[in-house]
Amino acid sequence: MATITNLGSTSGLPLEEILTKLQAAEDKKLSLYTVRQASYEAKVSAFGQVQSAVEALQKAAAALGKTSTLDAVKAEVVGDGLTATVGENGASVGEYAITVTKLASAQTLQSSTAVGRKESNGATGSFEIELTGGGKHTIDLKGDTSLDGIAKAINNDDEAPVRASIVTNESGSYLMLSAKETGEKASVKSITVTGDQKLQDLLSYDSATTSPMKQQTVASDAEIDINGIAIKSASNKVTSAIDGITLNLTETTEAGKVVNLKLQHDASVPTKAVQAFVNSYNALQNTISKLTAFDAAAATNQALTGDSTTRGIQSSLSSALQVVTSEGSLRSLADIGVTLDPTNGQLKLDQDKLSEGLASNPADVKRIMTSTNGLAAKFDEAIQSILGDKGSIKHSKDGLAKSIKDVQDQMARAKAASTASMDVMRTQFVALEKFVAQQTVTANYLTQQFTAMNKSN
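FYI, this note's numbering numbers position 348 of the sequence shown as 562, with every residue one higher than the one before it.
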């Protein structure tokens, strides 16, 4: 008998239709596992959004715990000759009269004899560069002693203290060496050549004697005067003269004039930091509200509707806002313009009140933010309980990961059982189809026999 490919085609029974309906019922049962897994995965994704919002709040709160935020200083320069920037650790308030008498410059050397730039200057060789401030560096020419080869060897060596270039005129080409750094100590003291005499006659240099290489530009240190104190610097970027301040020297000061540098409190920095904190706190509340919403009309939930972890996060952060210091005329966040709206859990900032506090009672504002029981410390503790290795978000994510693994295992077992059940059912239906087909053949045969017998009678 031929293989049955369409159940019911022989028997006339709706076996294929019945199998299809049975398979649909099995698939519906399996879809419950898929829906459950998707729900868990949606929660994991939602907790990722909450975590990102908490991390942003953590960064904003930490900024309020830094003295460099509350004691921020801005630099104002009046006069020509320099610019000034405040370092990330801040600086102290003060005023300085500065004159720039000399800028730092880098040394340059030039070969004294014009040669062809591709012309060999000996079979092989190397040379050692010694700096005025100490330190030596050797460069191997690797067999190419032409000006091109020398310049390439120098410029391909990241540790070489000089850069090389070639200048060409109608007489030929000259090698130019420029110190990478400004200042006297970065200048070349000597170049000692190992190789043919021709190479020595091109490259040798000694600052104390006449040499084939000639000094074109003398290295110099920058020289400035700050409030009557003379200061030298190897660089035009002076970082150690005034604590926390970098002076960028641009030109010498005109005779008889000074550059006035004024360092004063910058209230815009703490104001922006407080606003950033308020914004981050409110953004977190919005994120949680969106992820825990329930639409009563449509009877639909969001991923974290009814979740206890998010309620715990909101509660711990709300508690961290309860800052009360033990001294000063300003002791709480409300005193400096930061208040909580009980109707929506959002923070509000009164900029005028904060500005007044920063201007009149900066020490009180600093105490509210940076003291042991201040805002930054309280939020650090609260957020550690949320984001830490044993924090509530990790605990929830770990639980969800286990639930996802469990439902995947359950679905795999259910799929295997469903497949086996359907295979058995199909086998039974095939057997039934064959049986009916055989009975049909037998019935047809008997019918034919009875018909033949009736005709013979």
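Positions of the beta carbon are idealized from the N, C-alpha and C atoms, including for glycine. Quantities reported herein were computed from a predicted structural model and do not represent experimental measurements.
Residue i, buried or exposed, once every other Cβ within 10 Å from all chains shown has been counted against 16
i	result
K356	exposed
P484	buried
T557	exposed
A216	The predicted position of A216 is uncertain, since its pLDDT is 45 and thus under 50; no value can be drawn from it.
K257	buried
F491	buried
A311	exposed
A577	exposed
L413	buried
L246	exposed
D435	buried
N658	exposed
D637	exposed
V249	exposed
T464	exposed
L361	buried
N441	exposed
T396	buried
Q662	exposed
E333	exposed
F649	exposed
I456	buried
Q499	buried
T424	exposed
I607	buried
D509	exposed
Contact under 8 Å by Cβ, residue i with residue j
i	j	result
V287	I527	no
S632	E240	yes
N335	T359	yes
A393	A320	yes
R545	V552	no
G279	A469	no
M639	L233	yes
L323	L461	no
A487	T283	yes
T338	G386	no
G304	T281	yes
S421	S404	yes
G605	N575	no
K267	T501	In the sequence on display, residue 267 carries Ala and not Lys. Closer than 8 Å, so yes.
E290	K476	yes
T315	I445	no
K629	L236	no
K611	F261	yes
I364	R377	no
S503	A274	no
Y388	S325	yes
S569	A481	yes
Where the beta strand (DSSP E) containing residue i begins and where it ends
i	result
L345	339 to 345
D564	Unbroken run through D564: none, as it is neither H nor E.
E269	That residue, E269, is in no beta strand (DSSP E); its alpha helix (DSSP H) goes 229 to 277.
I459	459 to 463
S379	376 to 383
S387	386 to 393
K428	427 to 431
D410	First-last for D410: undefined, no H or E at that position.
D439	436 to 440
L705	Lying before the first or after the last residue shown, residue 705 is absent from the chain, which here runs from 215 to 671.
A400	Premise fails: A400 is in no beta strand (DSSP E) and is neither H nor E.
Extent of the continuous alpha helix (DSSP H) to which residue i belongs
i	result
T633	606 to 670
D578	576 to 584
E595	589 to 601
S282	281 to 284
For residue j and residue i, believed in contact at Cβ under 8 Å, the rounded distance
i	j	result
S418	T346	Contact flag wrong, Cβ pair sits at about 17 Å.
L572	I582	Not really, about 11 Å apart at Cβ, beyond 8 Å.
A497	A270	7 Å
T519	A507	7 Å
G301	V473	With 8 Å as the limit, G301 and V473 do not qualify as a contact, their Cβ atoms being about 19 Å apart.
V579	I600	Rounded, the Cβ-Cβ distance is 26 Å, inconsistent with contact.
Y254	S533	Not really, about 30 Å apart at Cβ, beyond 8 Å.
P375	I353	In fact, because the Cβ distance is near 10 Å, the residues do not count as touching under 8 Å.
L561	L554	6 Å
I459	A252	Their Cβ separation, rounded to whole angstroms, is 57 Å, which puts I459 and A252 out of contact at 8 Å.
Proximity test, Cβ basis, 8 Å: residue i and chain B
i	result
A289	Here there is only one protein chain, and chain B is not present.
The ligand PLP heavy atom lying under 7 Å from the CB of residue i
i	result
V537	With respect to small molecules bound, the structure shown includes none, and the ligand PLP cannot be examined in it.
Handout entry: Sequence ranges, alpha helix (DSSP H) only - wholly within the stretch 488 to 554, length at least 4
Key = 522 to 534
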